[in-house]
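4 protein chains.
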Amino acid sequence: MPEFIPGIKKIKYEGPDSRNVLAFRHYNADEIIMGKKMKDHLRFAVAYWHTLRGSGADPFGSQTMCRPWDDGSDSIANAERRLRANFEFLQKLGVEYYCFHDRDIAPEGKTLPQSNKNLGAIVKIARQLQNNTGIKLLWGTANLFSHPRYMCGASTNPDAHVFAYAAAQVKKAMEVTLELGGENYVFWGGREGYQTLLNTDMKRELDHLARFLSMAHNYKKEIGFKGALLIEPKPKEPMRHQYDFDAATVIGFLKGHGLDKGFKLNIEANHATLAGHTFEHDLQTASDAGMLGSIDANTGDLLLGWDTDQFPMDIKSCTLAMLVVLNQGGIGAGGLNFDAKVRRESITIEDLFTAHIGGMDAFALGLKNAARIITEGSLKKMVKDRYQSWESGIGAAIESGKASFVELEKWALAHGEPTPRSGNQEKFESMLNSRII
Amino acid sequence: MPEFIPGIKKIKYEGPDSRNVLAFRHYNADEIIMGKKMKDHLRFAVAYWHTLRGSGADPFGSQTMCRPWDDGSDSIANAERRLRANFEFLQKLGVEYYCFHDRDIAPEGKTLPQSNKNLGAIVKIARQLQNNTGIKLLWGTANLFSHPRYMCGASTNPDAHVFAYAAAQVKKAMEVTLELGGENYVFWGGREGYQTLLNTDMKRELDHLARFLSMAHNYKKEIGFKGALLIEPKPKEPMRHQYDFDAATVIGFLKGHGLDKGFKLNIEANHATLAGHTFEHDLQTASDAGMLGSIDANTGDLLLGWDTDQFPMDIKSCTLAMLVVLNQGGIGAGGLNFDAKVRRESITIEDLFTAHIGGMDAFALGLKNAARIITEGSLKKMVKDRYQSWESGIGAAIESGKASFVELEKWALAHGEPTPRSGNQEKFESMLNSRII
Amino acid sequence: MPEFIPGIKKIKYEGPDSRNVLAFRHYNADEIIMGKKMKDHLRFAVAYWHTLRGSGADPFGSQTMCRPWDDGSDSIANAERRLRANFEFLQKLGVEYYCFHDRDIAPEGKTLPQSNKNLGAIVKIARQLQNNTGIKLLWGTANLFSHPRYMCGASTNPDAHVFAYAAAQVKKAMEVTLELGGENYVFWGGREGYQTLLNTDMKRELDHLARFLSMAHNYKKEIGFKGALLIEPKPKEPMRHQYDFDAATVIGFLKGHGLDKGFKLNIEANHATLAGHTFEHDLQTASDAGMLGSIDANTGDLLLGWDTDQFPMDIKSCTLAMLVVLNQGGIGAGGLNFDAKVRRESITIEDLFTAHIGGMDAFALGLKNAARIITEGSLKKMVKDRYQSWESGIGAAIESGKASFVELEKWALAHGEPTPRSGNQEKFESMLNSRII
Amino acid sequence: MPEFIPGIKKIKYEGPDSRNVLAFRHYNADEIIMGKKMKDHLRFAVAYWHTLRGSGADPFGSQTMCRPWDDGSDSIANAERRLRANFEFLQKLGVEYYCFHDRDIAPEGKTLPQSNKNLGAIVKIARQLQNNTGIKLLWGTANLFSHPRYMCGASTNPDAHVFAYAAAQVKKAMEVTLELGGENYVFWGGREGYQTLLNTDMKRELDHLARFLSMAHNYKKEIGFKGALLIEPKPKEPMRHQYDFDAATVIGFLKGHGLDKGFKLNIEANHATLAGHTFEHDLQTASDAGMLGSIDANTGDLLLGWDTDQFPMDIKSCTLAMLVVLNQGGIGAGGLNFDAKVRRESITIEDLFTAHIGGMDAFALGLKNAARIITEGSLKKMVKDRYQSWESGIGAAIESGKASFVELEKWALAHGEPTPRSGNQEKFESMLNSRII
């Protein structure tokens, strides 16, 4: 096997004072944080579509990045070279997981059987490379949005033929994920939504979506796939409205269709912010429902209105995200997948490394900060103090379901005006700052 | 009873060619549209808080509007004058409904008993005025956001004391709504949300919110209130995050807590757009769930990021809203409440009339357009055609639950690539334009 | 010459009651409005890049539209077929102008001389087709954003080599525009901006931009090009920040560099709204500076944060735009260029027609409405009345420069508190509605 | 003089490891950074309107904060108590500057002479307190937006009477600022803009604005005020459109009216972000024009659409801001004014301290980071390297004005395709992170 990235050696941890952009300053894979190795807390994954298939093309311009191993063709041989480069990249980066869409790793054929055959061929090699390297598949998924057949949706397409085609494609993608030992399977409904309500029967489309997910869940059991099925919310783009708008919408939809036991959520930072939420809000919403399954670790530009999928570089945001994760006892079989792409102008392979290292360091520092905050405990205690009135007396009566409006009126009349108490927001913010390095 | 608005007589319908801004050009109350009077389709209501209590104050400046009947005091006498002016305004405008918060119509006292007493005194007069004029209460509600005690929420306050106080206040407001024959009772959670997650236990607060709504529902049955309980979504403002974010979030929350049978939604245009949705999207979402109970008819400025509560003046938007209403068989016991305020600079009483007339005409024209579109049927037929594949064959099999991934794969392999079909968005848009006058 | 679009005949005017989506309901080219033919008021143009080169590809998916005449190759023969199809499309649509980027009409070669040769070959044919059909070039421009060489800007690129290359390309594009009798030449700075300030010397880049425009202006005089040079503002996308942010920014930049006499503006609706302005605001800003040269007639979705380039379908917006145009005495040698693309799902040629017809009808109706409003005069009179205090007395003294703070203080002390006067916004809005059909 | 804030002593510097929220962790006033004391770099100021006059009221609710020294009345005695509390607060906080609007410090009277008299009385006390404490006035300004007379603008009001009144008010405010040794005078055009273009003559209003500023500049010279006149941009709120939209708009406006020599800018973080810019973008834009005069140091919530005026707590943002300041050689006679308010729920006086301390620490750390980055020099060097092609050869020829399109075409033909070079955004971001503590 030739070396695809000859100029760069395995990235090492050099500590916070290092000025080497090709070294970790905070991510120290085997360092123990709250009783667990950093790598087991963070479970980083590389996103195949961006890192191996990203070309720098955007709606206003063509490809800017040409990788030496990629001849631009749709051949199996080219697909294999990309795959091998992927494993080399991950080994050098020190990341143990990757994620892919079916069509990222193997070319779509002229027919479904041909596509399946292509996929099968590549999966065989992937399996071997996984065995050789110890690199694992965090999750697989099917691309149901790039091909023109899906232009009006996959499971929510007005044409039942497309629904059936999508079902066949997901079936295969689930099989492949199982075959590669994937720990989860993700649904991002790239075109599940509408461009205009004028031509859309929204209720019917949503019923079809539920039907599709139900079949997927059945098929998971049928083939013995033990991983989680994850839905990834996004509010808009490419469709004007996407049905899986945000965490709350998806949770409500799943509950409304009796599907909440079978699915969890994969929360992406940039998708949350496009919906008007902070990253930590959508993480907390999913976590509170017991449905935070995995994370797409990226960031957007909050002053722009589209998904920029940038590498996470904000320490405070990473700290808040890791607080949610640690508070729920870890991300389980999920992980932090870098659904992030280098900017169109960052055309070198070194940029690919720099970007991932920067993101890994940001989350590593976030993890350390979050662990410090939890261990120290003062912020949590301040929150607990705010809610102390619920631990006994009328608060406890309300929570236990023993109070009614009539009783509460009596109580309120007897106790008069409540005493105002400061929310202390700036104190919380300032304390957070003092615990972030 | 003195005349409060001596300069303006009852507003008349003068037809589309009228240039009189104090006449209706489209709203002709008794005109029959699709078998029903316009007034019974539209069920317009005036919002007491804006129209009778709006002062023109904003975060950057003080009161600009001084009504001759309002001495600015918190006296019962002043409250009565406002109430009488309200009925005169509605009679002259030809609107049959109004809506209020408890604290709009009667001053808050120093204690809850005093507040209740004030409210009782005014309600007695309101009842009499309703009887005299035939004007009715579309819905009542409690203001749980203006008083400092509610600064950190009412039912989601960290202090159980505030929850109890809010319960007592809502109890009274529900009684008063019943007493006045109110056809609905609304919950807008003005401060039910958070300013920062740092100091917030979101899960606990949401559980308290569900508990509160459950008590309200029980109390409704206890006192024999037959109207609907309506929740009004809003995504943000005043709180950074409001729990009743949008229609989908509220529906999901209600279903998740087993409350969906007891509540419907009151959808406001400007709240929907602040959440990133079109007005018609949130109406359709509520309607599809069988939960569209009433409408707050206003509009926002889509290029601004706060709730401007402007009077609806966009004919296309009103048409699309009325299409949802007509398609679900009418708004039932709900109505179109003008939760809209004249601009701070529109300081005359004539402005109040002009604004309401403009909004009523916009919705009247929207109603006529929607009726025309439905009667003509071509747009609906085009939508139906898009989904024809679901009426038989594999589509019907999927919808009836008879298909699985395995069967769909077989079918897809047998049938090959779907035939692409245009979404025809511009055709739909153009046809809509040709049916709007 | 074979017929490229055999199924569709020349689009006719059938009047407002027509239900034929392949006919005009409002656009009646030779109808006289305020003393001028509609076609001479509106001067519609088709945008070559969207209509002839649009493929339906977006960041999440590949081409959906396959025109029968387009084999997808970069050959001159294919370019010629597209060009011929363009002229047939315009003839059938009844539009007299088109606009292009150099690289839209002819393929980029491996070298600049090859690209210039390709362009020359196609321009020769275009000239002939223009002569045969009477169709004219509203404006030409150079594409300085799609090729990877321009990824960090053209005239604002950190590399002077790219600046020089861009200069050579614009030089040729200006020559070609002159050769084809183009009535204007446009600069849209697709990549003139930055992605991050961290790696950017903004001041230096802006100075280079001014230098570039100055050279263009010199070259215009050198070759005897009589048309206007137009700058098209856009605030963001593809770059995070675009230097030509909005009309006010561009006007200020031009004035600051002494270039305002040599340039006008091409205002695009969707670009204005991305900057947080209404379409009419940026039109008025340019018009007030005497710099409104031409218009990109499209619309965006105000609830989305990217440039959707939709066909204009909102009658009120078109009315307000045409009011600005009529109030400044017409668009001059500019026009209304449909910088709009059919949705990715609108894959038929009929969709191309329907979309343009819908947009033309919207602006035709907007023109008629604007003419009616101006002829009737009441809205203008109401505005004039608001400012009457400036026509004499202290107002006139201020405007003529005769007053100072000292004198105004004296006057203010003598005259006391001003009398508040309503802004009557809802009255204006309602009157506007009554004058829009 | 009684002590107004008995519970809190002078805030001390305790160093980064302190867990005391009533101590500085980073702000060490006399510590030398790059040859200058921190306090002289930062020149912090307290905003009187928020800190002394903020009540917690918002559009949805009434006052939440009651200071013990403030009886809520409009009396001079109350105004004096507030003023004395202000000086005590600043002394305890260790801040040397404050800023005010005329109406913040003294009550508006029934007439202008009465208002002026009230102001004069308070200014006399302020002067004495300044002398006693060494606390200085960073800038003064006039409130031309709160009183109803200004509802449609001050200098851009349709009524010339209001213009004259505003002139008289600003005249007095400038005199008072001079009297108190104010180092700058600020114009924030709170209502200088429009709510709807329909009722507005924008060109005329902008001409009036220029006239007003010109008079102010003349009056400054007349009275011998040596400080800078500063304009503070804001894009919207309270008006739908504000004329001083952003830095670029204001600079262009000033240049277009020949006023750019007489004015500088006061850039506010939250105003920049409401305009779609980063804080550092608007700072850099002003600085590049030589017009960055002072800073309103706050932050907004980028996911909300209104001015939240929060205390700055983001270290990266403060670092980038201080980079602009240090790179231009300091803020001069300007400063960092905390135009920030504690949240409505932060009702204690301790919250006022915590918030200011948090903001001061954030900017102190930002200053240290910026100094470290500049001293180390590697980021600046990387930027310089990107632009090296402009230092000689064709780049230098272009910059010196010696090149034309004809020459550049020759050069480009001779030199062929430019070599692509990475923008390295992630490397820049990662290096920045490694230099921020």
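Chains as they are written, first to last, in our numbering: chain U, 137 to 573; chain P, 137 to 573; chain F, 137 to 573; chain H, 137 to 573. All C-beta atoms in this analysis are idealised placements derived from N, C-alpha and C, irrespective of residue type, glycine included.
Within a Cβ cutoff of 7 Å, which residues of the same chain sit near residue i, ignoring the five residues on either side of it in sequence?
i	result
H:G363	G318, E319, N320, Y321, A469
H:H344	S291, T292, F299
P:K390	Reading off the sequence shown, one finds Leu at residue 390 of chain P, where the question assumed Lys. The residues are D396, F399.
U:F381	P369, P371, A411
P:A309	D238, G276, T277, A278
Less than 8 Å between the CB atoms is what I'm expecting for residue i and residue j, so what's the real figure, rounded?
i	j	result
F:K526	F:S430	Residue identity differs from the one stated: residue 526 of chain F is Trp in this sequence, not Lys. Contact flag wrong, Cβ pair sits at about 32 Å.
H:M174	H:Y163	6 Å
U:G197	F:S282	4 Å
F:K145	F:K228	7 Å
U:A476	U:F447	4 Å
U:R224	U:F140	Sequence inspection shows Glu at residue 224 of chain U; the Arg mentioned does not correspond to that position. Between U:F140 and U:E224 the Cβ distance is about 5 Å, and since that is below 8 Å, they are a contact.
F:M287	F:G329	Contact flag wrong, Cβ pair sits at about 12 Å.
With a CB to CB cut of under 6 Å and the five nearest residues on each side skipped, what residues in its chain are close to residue i?
i	result
U:L349	L395
U:L501	H162, I451
P:A384	T421
P:T444	G436, D437
F:L456	E416
P:T186	It should be pointed out that residue 186 of chain P corresponds to His in this sequence rather than to Thr. Correct list, in chain order: K477.
Is it the case that the Cβ atoms of residue i and residue j are separated by a distance below 8 Å?
i	j	result
F:V182	P:K563	no
U:I359	U:L314	yes
U:L549	P:A304	yes
U:N463	U:I572	no
H:G494	H:Y233	no
U:E481	H:Q378	no
P:I353	P:L334	According to the sequence as given, residue 353 of chain P is His; it is not Ile. No, they are not a contact pair.
U:T200	F:P284	yes
Give every residue of the same chain whose Cβ lies closer than 8 Å to the Cβ of residue i, excluding the five residues on either side of it in the sequence, and list them in chain order.
i	result
H:D153	R161
H:G441	L410
P:V460	E416, L419, Q420, S423, L428
Determine which residues share a DSSP beta bridge with residue i and list them.
i	result
P:K172	P:I169
P:A159	P:K148
F:W275	F:C235, F:N320
**Q.** Segments assigned alpha helix (DSSP H), at least 4 residues, entirely inside the segment 332 to 384 of chain H
**A.** 338 to 359
Q: Just list the beta strand (DSSP E) runs in the segment 398 to 431 of chain U, keeping only unbroken ones of 3 residues or longer that don't cross its boundaries, in chain order.
A: 399 to 404
Q) Whole beta strand (DSSP E) runs in the segment 193 to 258 of chain P with 3 or more residues, listed along the chain? A) 233 to 237
Q: Tell me the start and end of each unbroken alpha helix (DSSP H) in the segment 521 to 545 of chain U that is at least 4 residues and wholly inside, in chain order.
A: 529 to 535
Q) Mind listing which residues of the segment 501 to 515 of chain P have their C-beta closer than 7 Å to chain C's C-betas, in chain order? A) Protein chains U, P, F and H are contained in the structure displayed, whereas chain C is not.
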